[in-house]
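Novice: Every letter in the sequence shown is one number past the one before it in the UniProt record's numbering, and letter 414, counting from 1, is 414.
Every residue gets a Cβ at the ideal spot worked out from N, C-alpha and C, and that includes glycine.
For reference, the structure I am asking about is given below.
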Amino acid sequence: MGLFDIFKRRSKKNEEKEPEKSTEQTEPATETPAKEEVQPSPSSAVSTSDESPKQTTDPSADVQTTEKSAQQADEQPEEPSSTPTEPTKEAPSQPQEETKENTQEPGEEASQTSQAGQQPEADEHNEAAAESTTVQYEKGLEKSRSSFGEKLNALLANFRHVDESFFDNLEDMLIESDVGFETSMRITDELRDEVKLQNAKKPKDVQNVIVKKLIDMYDKAGNGENPAINMAKSGPTVILFVGVNGVGKTTTIGKMAKMYKDQGKKVVLAAADTFRAGAIEQLNVWAVRDGVDIVKGKAKSDPASVVYDAVQKARDDNYDVLMVDTAGRLQNKVNLMNELSKMKKILTREIPEAPHEVLLVLDATTGQNAMTQAKMFKEATDVTGIVLTKLDGTARGGIVLAIRSELHLPVKYVGLGEKVTDLKPFDPNDFVYGLFKGLISE
């Protein structure tokens with residue numbers, strides 16, 4: 001099933017749910033509210049930003065008054081390393097269910113009853129989690145969806161006939177939506193033939209053809225891509241983060257470390273950004289908050305030495321994931337690029353297949369400037385994937401299509417908000433639905 005077929009099925013399913021919700025509001029059923037409030041409670045209390053995150057307060061603060069909570073936030077110390085908090089250890093819900101199953105008596109009737117009772121609960125949990133992720137994509141792409149829809153509606157309203165002038169304006173609109181110059185030209189050329197083939201004359205018919213073509217382009221651009229992180233078959237998985245200053249590299253590392261820690265993985269961070277003021281302290285805040293280990297050197301020290309110490313620790317102490325923060329570097333600075341190459345050589349020497357991922361972090365709000373950065377970084381180093389941050393704060397969601405179709409780089413993660421749980425693995429189905437929801441009519 002193609003991406004467009006999945007999109008139409010989701011749209012139809014969503015339309016069918018709307019009248020059901022209105023009729024079920026008077027009934028005391030608890031299933032619908034439960035699905036709407038599927039938010040991981042620990043992460044929702046974490047306040048994050050792309051600059052320097054504040055340290056979390058003690059869990060007992062939940063039972064204190066709001067005045068004391070506000071006072072603690074104002075008086076919070078700037079140096080988190082002096083007051084390290086011991087991370088809470090909460091077992092995930094699914095492993096708890098497995099433990100319960102394992103402690104039951106091995107009788108056939110008890111086993112069958114247990115499986116019959118817990119299977120629907122597991123299905124409901126997975127369905128609710130998937131629905132929650134879809135909602136996050138919808139909310140995170142709201143600005144992009146609204147902006148694209150307004151531009152498309154304005155374009156269709158200004159033309160009574162689909163002529164050459166219409167396609168020229170359509171090409172300009174796609175470029176303004178950060179779809180990319182080359183991609184916009186290719187889409188427009190293909191749409192000329194498609195509109196004639198479909199005999200589309202009414203504005204809504206033309207709109208359907210345009211949206212379908214864009215979704216098909218997303219589908220083709222993703223052929224052969226692997227959006228998942230390449231995990232090591234044995235030993236630690238090494239992930240190297242690169243990018244210019246201010247795009248959210250350190251924040252991304254902190255969020256991903258939390259995600260891996262919650263999955264039961266043993267994580268260590270390497271503070272190899274030894275030049276930016278406060279960079280080591282910022283990563284240390286995340287390490288304390290996430291309850292993971294960190295390897296750090298002194299300010300202005302050789303970042304390659306930090307990487308060496310970190311990879312030795314990750315290998316010798318049986319860590320599952322090593323995440324390396326690097327200094328923000330301009331892609332045209334030869335000395336900084338040489339430094340990055342030196343760090344990669346050390347990693348490969350100690351672990352032959354490392355780094356398993358080189359993730360380029362881009363700020364979605366910069367639009368085509370992000371494309372320029374991606375092109376130059378791809379030429380300078382072996383970038384394996386993209387992390388696109390701050391998608392919720394921009395109307396430039398079209399940049400994903402440009403990255404995938406012109407650079408042929410997989411988007412691995414997208415930032416859909418400020419909370420830890422708003423950093424999501426890239427899902428093309430959820431992304432397309434969030435970007436074009438409501439723009440297809442029957």
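#1: By DSSP's criteria, residue 322 is part of a beta bridge. Which residues make up the other side?
#2: Using a 10 Å radius around the Cβ and a threshold of 16 neighbouring Cβ atoms, would you call residue 408 buried or exposed?
#3: I'd like the span of the alpha helix (DSSP H) that includes residue 389, first residue to last.
#4: Kindly identify the DSSP beta-bridge partner or partners of residue 413.
#5: If I follow the unbroken beta strand (DSSP E) through residue 419, where does it start and stop?
#6: Is residue 248 buried or exposed, if buried means 16 or more other CB atoms sit within 10 Å of its CB?
#7: Of the residues 350, 178, 282, 190, which one's Cα is nearest the Cα of residue 370?
#8: Taking the straight line between their C-alpha atoms, what separation do you get for residue 424 and residue 169?
#9: Strictly under 8 Å for the Cβ-Cβ distance: is residue 337 near chain B by that measure?
#10: Is the number of C-beta pairs between the stretch 333-353 and the stretch 282-299 that are closer than 8 Å three or more?
#11: My output table needs one value for residue 225: the three-state DSSP class, helix, strand or coil.
#12: By a C-beta neighbour count over all protein chains shown, 10 Å radius and 16 as the cutoff for buried, is residue 396 buried or exposed?
#13: In terms of residue numbering, what span does the beta strand (DSSP E) encompassing residue 357 cover?
#14: Straight-line CA distance for residue 414 to residue 224?
#15: With 16 as the cutoff for other CB atoms within 10 Å, does residue 165 come out buried or exposed?
#16: Below 8 Å on the Cβ atoms is my guess for residue 390 versus residue 363; work out the distance and round it to an integer in Å.
#17: With DSSP run on the structure shown, which of helix, strand or coil describes residue 73?
#18: Run through DSSP, which three-state label would residue 313 get?
#19: Just reading off the alpha helix (DSSP H) that residue 300 is part of, what are its end residues?
#20: According to DSSP, is residue 294 part of a helix, a strand, or is it coil?
#21: What does the Cβ neighbour count give for residue 263, buried or exposed, with the cut at 16 atoms within 10 Å?
#22: From residue 385 to residue 160, what does the alpha carbon distance come to, in whole angstroms?
#23: Nearest to residue 255 by CA position, among 280, 285, 182, 367, is which residue?
#24: Find the nearest neighbour of residue 210 within the set 193, 226, 221, judged by alpha-carbon distance.
#25: If we count the other Cβ atoms within 10 Å of its Cβ and call it buried at 16 or more, is residue 373 buried or exposed?
Specialist: Straight from the coordinates:
#1: 238, 268
#2: exposed
#3: No alpha helix (DSSP H) holds residue 389; the beta strand (DSSP E) holding it covers 385-389.
#4: 387, 425
#5: Looking at the DSSP string, residue 419 is not in any beta strand (DSSP E), and its letter there is neither H nor E.
#6: buried
#7: 178
#8: 34 Å
#9: The structure shown contains no chain B; it is built from a single protein chain.
#10: no
#11: coil
#12: buried
#13: 357-363
#14: 19 Å
#15: exposed
#16: 6 Å
#17: For residue 73, the pLDDT reaches just 39, beneath the cut-off of 50, and the residue's location in the model is therefore unreliable, leaving the point undetermined.
#18: helix
#19: That residue, residue 300, is in no alpha helix (DSSP H); it is neither H nor E in DSSP.
#20: strand
#21: exposed
#22: 43 Å
#23: 285
#24: 193
#25: buried
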